[in-house]
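Reading through the C-alpha cells given below for one structure.
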Amino acid sequence: MDDNLTILMAEDDDGHARLVEERFESVGVKNPIVRFRDGAEAWAYLTGPELESGREYLLLLDIRMPGLDGMEILRRIKNDPRLKTMPVIILTTTDDPKEVADCYKYGCSSYLTKPVEFDKFAEVIKRLGLFLMVVKVDKLK
Amino acid sequence: MGNSAITDLSRLKRRLSAVFAVVAGLLIAGGAAYHAHHRASLRAGAEQLLLSTAQIKMDQLKDWRADRLSDTISLLDSPVLGLYLRRFSADRTDKEAAGLLRERLLAYLRHNPYRFAAIADEKGKVLLSVGSKPEITCTQFHALIPKALRSGRPEMGDFYLPEGDNSPHIDIVAPALPGSKAAGLLLLLRVDPADFLYPLLQAWSASGETGEILLVTRAGDDALFLNDVRHAKNAAMRLRRPITEEELPAAIALRGHSGIVKGLDYRGVAVLAAVGPVPGTDWALVTKMDMAEVLKGTRPLAGLLALLVLALLGAAGAAVYLTFLREAEKSAELLKRLTDQVPGVVYQYRLYPDGSSCFPYASSGMEMIYEVTPEEVREDAAPVFGRLHPDELKATSEAIFASARDLSIFHWEFRVVLPRQGLRWRLCDARPERLPDGSTLWHGIITDATERKKAQEELDKERGKAAAYIEMSGAIFVALEADQSVSLINSRGCALLGRPREEIMGANWFDLAVPPEQRERVKQVFGALLRGEGEIPEFYDNEIITAQGGRRVISWHNIVRRDEAGRAIGTVSSGEDVTEQRAAQQRIEALNKELAAKNKEMENFLYITTHDLRSPLVNIQGFSQNLQGYLSEIGKALAAAGLPQERKEQAKKLAEEKVPEALGFVLESSAKMDALLSALLKVSRLGRQQLKPEELEMEPLLRRIVDTMRFQVEQAGAEIKIGPLPPCKADAVSVGQLFSNLIDNAVKYRDPARPLIVEVSGESLAGKAVYRVADNGPGIPEAELEKLWSVFYKPARSGRKNGEGIGLPMCKRIAERNGGSIRVEPAPGGGTVFVVELPLV
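Protein chains in written order, with the numbering used here: chain A, 1 to 141; chain B, 1001 to 1841.
Now the structure itself:
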C-alpha cells in the first residue's frame, strides 16, 4: 500500500461518504481520506495551500453536487497544468451513457456507478480499494 | 362532267387565241414559203435555160463569125481566083479577068450566104461587084479596109443600115491577095443577117411566149438593137434606148455586165435576161424572157395556196371556237349546279335610284330561303320583303340603304316569317357596286342561320348562368390580364377588399390588394407563372390588404389563361379566406411546440429526480446493512453479558427476530423503490435519447436476440419460432430491446406445466408492419390486460422476478417513440399475444 497516497473524495451525501470509508477500511485501505462536501470546497482545497507537492493524490468525484458540480471540477482539473495528471475516478449514482461519455471526454480515469443494492455497492468499493492498493500514482509537482 | 373544276374562261380564251395565232402563222408562213420556193425554183429554172441558151447562141455566133472569116480565106485561097486577081490587079482594065472574076464571085454567091461581093481598091472604090441588087459602099466598109490591110486577114464589120433601106448588112473585107504587098486589091463580101444571123437568133424552141434573143450594140449613147425584136415591129437597127437606162438588160449588157439580170426591157416589162458581150465584137447578146412567163402559173398556185390556208385557218378557228364554247358550256353548267346545291341562295339584288328593287338573278335556293321563285322576284323584290318579320322591315331597309350609300359590305342577320317554315333566321352577306345609271347592284348569298342563332342563345344563357355561379360563389374569383389589371371580380372578392367593383375593375391588382412589402415578390411570381417558368405551386397563400387597412390571408388556386397560340394572356384565380384557419394553425403549432418543450422539461425533471431519489436509497441500504452488522454484535454482546434470563430472552428476541425483521422490511422497501426508480429512469432516458430510424430486417434482428438468450431459452426448454417478418423503419437498438423484453418475459413467466413455445410472426397490413409475439404461457387475466402498461404494475403471481428487463412500460414507450404501438391480447388456446405495430419501410 502506497503510504504517500492521499485519497480525496468530493461527495455531498454524508451517508455515502461514510459508507465508502467503512468499506475502504474493511478492505484494508488505510490512506488518509480528505472529504469535501461540495465542489467549491474541493476546488478550494485543490487550488489551496494544503495540497502538498511531492505527494500523490487521487480524487473520487461525485458528479451531482450542489454549486460547482463534478463535471466542472473534472474539467477544471484536467485543464490545470498542475492538477491534470491527478487520476480522477467518477463515483456516482447515475449511469446515463451520455454522462459517462462526457466524463471520459473530459478525461476521467474511470467511471464507477454506485449501485443502490448495498452488496453490490460494497463490492464496487472493495474492488476500488484493492485497485488503489496496487496503483501507482504520480507525485504531485 | 359535273366533277370538273371550273375552267378559267378568260385564260382559256387567251390560250386558244394564242394557239390559233400560232397555227395561223404557221399556215400562212408555210404557204408563203412554198409559194416563194416555187417562184424561186421557176426562176432558177428560167435562169438556167436562159444561160444555157445564151451560151449556145454565143457559141453559134462565134462559129458563124469564124465560118464567115474562114469562108473568105478559103475563097481567096483558090488558085484560080488568085490567078484572076493577080491578072486584074496587074491590069485593072483587063475585062476578061474582071469578067472571070465576076463569074467566079457570082458562082460563089449562089452557094454561100452572101448577097454581094465586090473587089475594091485600097481607097474603097469598087472595081467590080456582083450581087442580087446594087449595093453601095458604107462607112463600115471604108473603116474595115485599113484594118484588113494592116492585119492582112479578113475583117468583119458591124451591122450597118443604109438610109432608106430596111435591111441591114454586115461587110467582110479582106486583102484580095494576102502576102502580096503591092496588090492593093480588097475583097468585099456582104452578108445579109436575115439569111442566117437573124434566123439564128430567132431560133429558140424554148422561147415560150415571150422569150427572145437580142443582139445589141453601142451606138453613141444608145443601145442599138441589131435584130428584130419579137414584141415590136421593124426594130432591127432602128430601136434605140439610152445606154444609161438602168434596168434595160441590153444597156446593162453593153455597160459591161454579164450574167443573169432582172430588169425592164424596151417595152418596160419586167424580164429575166442572160446578158453578156460577144467576144471579139462590140456586140452584146441578151437572152430574155418576161418574168411573167417565168413565173407563169405561180399566181394560180398562189391563189390555191391562199385558198388552202384560208380553209385550214377556218378549220382551226372553228375548232378553237368550238372548244371554247364547250368549256363555256361546262362552266355554265357547273355554275348552275353550284348555285343550286349551295345551302342558301346566291343572288343579284338591284336597287334603283327611285327606290324600287329586284333580283335580276337568284339561284334555285331562293325557294328554300324565302319560299318565292326566282321568276317571281326577277322584276320586283316586293315578295321577298313581304317575307320579312314586321319588326325587321325598318332596320333592314336602313341597313340596305347604308350599304348602298357607302358601298360597304352588307352583312345582316334578320328574321323571316315563311308560309311553310314559319319563323326562321336568315343571314345575308353581299357586296355592292354602283352601276352607271345610279342603281346599286349587290352580289351575295343568304343562308339559314336559325340553328346557329339557337345555339348562340343557348350559349348566352349558359354564359349567363356561369357568370351567376361565379357571382354567387362563396369563393373569391379574380381574373387578371397579362398587364396585371383586374378583368373580373365577383361580389365576394369585392366584399373581401371592401371596395366597390368599379374601383377594382381595370386597376392593378397587386398595387391595390397586395401588402406593399410583398408586392414585388408577388408580381414576380405572377410574371413567372405567365411565362411558365419554374415550379410555381398552383396553390399558395398570400396576404391581401383591405380598404380599411386590415389584412386577410387568402389561399389561392391559380390557372394560367392562354390564347389559341398557347401564349399566356392572364390568370384566373379562386381563393378562400383562410385567415382564421391559418391563425388557428399557427396556434396549434405554437401549442405543439410548447407541449414538446414541456415534455422535454418533464423528462429532464424526471431524470434528475430519479437520480436524486436514488442517492438516499444508497444510504438506506448501506446503513441498514451496517445496522445488521451492529445488531449481530449486540446480540453476541448480550449473549455474553450477565443478564437475567428473561431479559436475555427479550433481548435475544429483539436482536434475532424483531430488529432483523424490521430491517428486512426496510431493505425490501428500499429495493422496491430502487426498482421503480430504475424503471422510471429507463423510461425517461428513452425520452431523452435520439432514435435513429433505419430500415430494419426483422428476421436477423430477432434471431440475434434469441441467440443472446440461448442459455435461458435452453435452460427453460423453450422453443422460439421466428416466421417471415416484414422489414420496418425504426431505431435498431430500442426495437431490439423491445423484442428482447417480450421474449424474456415470455420465458420468465412461462407456464411450468407445458414446454414454452414462442412464435414470432409478422405481416404488412394497412400500411404498417405488424409483428405478433405469441406464447403458450399461462396468459394474462382479462382484467389486467390494460394495467400491464403501468410502471407500477405488479404481475399477480408469486415472486417478482428481478431481471435486467426494461419492463412493459418501456416497450410501450419504445413502440410509441418509433411511431408505432403495442397492445396485448389473449392468445386463442391460452397464452398471450403481444402485437407490435411499427412503420413500414
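Ideal placement from N, C-alpha and C gives every residue a C-beta, glycine not left out.
Source: prediction; values computed, not measured.
{"Asked": "One question on the structure: do W1556/B and G1575/B come within less than 9 Å of each other, judged by their Cβ atoms?", "Found": "yes"}
{"Asked": "Along chain B, in chain order, which residues have C-beta atoms closer than 8 Å to that of R35/A?", "Found": "Simply none; closest approach about 15 Å."}
{"Asked": "Is the beta carbon of Q1140/B sitting closer than 9 Å to the one on D1121/B?", "Found": "no"}
{"Asked": "With a cut-off of 8 Å on the beta carbons, I'd call I1145/B and L1189/B a contact; round off their distance for me.", "Found": "In fact, because the Cβ distance is near 13 Å, the residues do not count as touching under 8 Å."}
{"Asked": "For C1138/B, which of helix, strand or coil comes out of DSSP?", "Found": "coil"}
{"Asked": "Bridge partners for C1728/B per DSSP, in chain order?", "Found": "L1696/B, L1840/B"}
{"Asked": "Should L128/A be labelled buried (16 or more other beta-carbon atoms within 10 Å of its own) or exposed?", "Found": "buried"}
{"Asked": "For H1611/B, count neighbouring Cβ atoms within 10 angstroms of its own Cβ and tell me buried if that reaches 16, exposed if not.", "Found": "buried"}
{"Asked": "Are D1380/B and S1397/B closer than 9 Å when you measure CB to CB?", "Found": "no"}
{"Asked": "Quick one: residues in its chain with C-beta nearer than 8 Å to the C-beta of L1308/B, no 5 flanking neighbours on either side, listed in chain order?", "Found": "G1031"}
{"Asked": "Rank V124/A, P66/A, L8/A, K120/A by C-alpha distance to the C-alpha of L51/A and give the top, closest one.", "Found": "L8/A"}
{"Asked": "Which two residues bound the contiguous alpha helix (DSSP H) that contains A1090/B?", "Found": "1079-1090"}
{"Asked": "Would you call Q1586/B buried or exposed, if buried means 16 or more other Cβ atoms sit within 10 Å of its Cβ?", "Found": "exposed"}
{"Asked": "Which partner residues does H1557/B have in the DSSP bridge list?", "Found": "F1539/B, S1574/B"}
{"Asked": "Counting pairs of beta carbons, one from the stretch 44-60 of chain A and one from the stretch 92-101 of chain A, are three or more of them closer than 8 Å?", "Found": "no"}
{"Asked": "Using a C-beta to C-beta distance shorter than 8 Å, which residues of chain A count as neighbours of R1685/B?", "Found": "D96"}
{"Asked": "Within the same chain, show all residues whose beta-carbon is closer than 8 Å to that of A1815/B, passing over the 5 residues directly before and after it, in chain order.", "Found": "L1738, S1821, I1822, V1836, E1837, L1838"}
{"Asked": "Is the stretch 1316-1326 of chain B touching the stretch 1010-1026 of chain B, taking contact as three or more C-beta pairs under 8 Å?", "Found": "yes"}
{"Asked": "Please name the residue in E1246/B, H1257/B, E1247/B, L1214/B whose C-alpha comes closest to that of L1239/B.", "Found": "L1214/B"}
{"Asked": "Please determine if the stretch 1068-1081 of chain B and the stretch 1283-1291 of chain B are in contact, where contact requires at least 3 C-beta pairs separated by less than 8 Å.", "Found": "no"}
{"Asked": "Can you tell me whether R1492/B is buried or exposed? The criterion is at least 16 other CB atoms within 10 Å of its CB, across all chains shown.", "Found": "buried"}
{"Asked": "Taking buried to mean at least 16 other C-beta atoms within 10 Å of its own C-beta, is G1211/B buried or exposed?", "Found": "buried"}
{"Asked": "Looking only at C-alpha atoms, which of E1246/B, Y1266/B, V1278/B sits nearest to S1855/B?", "Found": "A query on residue 1855/B cannot be resolved here, the shown segment of chain B reaching from 1001 to 1841 and no further."}
{"Asked": "Checking contacts by CB at 9 Å: is G1799/B closer than that to chain A?", "Found": "Low per-residue confidence applies at G1799/B: pLDDT is 48, beneath 50, and the placement is therefore not dependable enough to give any value."}
{"Asked": "H1035/B lies in the alpha helix (DSSP H); which residues open and close that run?", "Found": "1009-1076"}
{"Asked": "Whose C-alpha, out of A1679/B, Y1352/B, D1731/B, A1671/B, is nearest the C-alpha of E1694/B?", "Found": "D1731/B"}
{"Asked": "Please identify the residue among Y1607/B, A1174/B, P1242/B, L1325/B whose C-alpha is closest to the C-alpha of Q1689/B.", "Found": "Y1607/B"}
{"Asked": "Counting only Cβ pairs nearer than 9 Å, list the residues of chain A close to G1664/B.", "Found": "Chain A residues near G1664/B: none, gap ~13 Å exceeds 9 Å."}
{"Asked": "Roughly how many angstroms separate the alpha carbons of L1423/B and I1400/B, rounded to a whole number?", "Found": "21 Å"}
{"Asked": "Would you mind sorting D12/A into buried or exposed? The rule is 16 or more other CB atoms within 10 Å of its CB.", "Found": "buried"}
{"Asked": "If the cut is a Cβ gap below 8 Å, which residues of chain B does D102/A touch?", "Found": "Near D102/A there are no residues of chain B at all, since even the closest Cβ is about 13 Å away, more than 8 Å."}
{"Asked": "Rounded to whole angstroms, what is the Cα-Cα separation between L1388/B and K1336/B?", "Found": "27 Å"}
{"Asked": "Under the rule that 16 or more other beta-carbon atoms within 10 Å means buried, what is L1480/B, buried or exposed?", "Found": "buried"}
{"Asked": "With H, G and I counted as helix, E and B as strand and the rest as coil, what does DSSP make of P1242/B?", "Found": "strand"}
{"Asked": "Is it buried or exposed, Q1048/B, if we count other Cβ atoms within 10 angstroms and call 16 or more buried?", "Found": "exposed"}
{"Asked": "Tell me whether the beta-carbon of L1285/B lies closer than 9 Å to the beta-carbon of D1265/B.", "Found": "no"}
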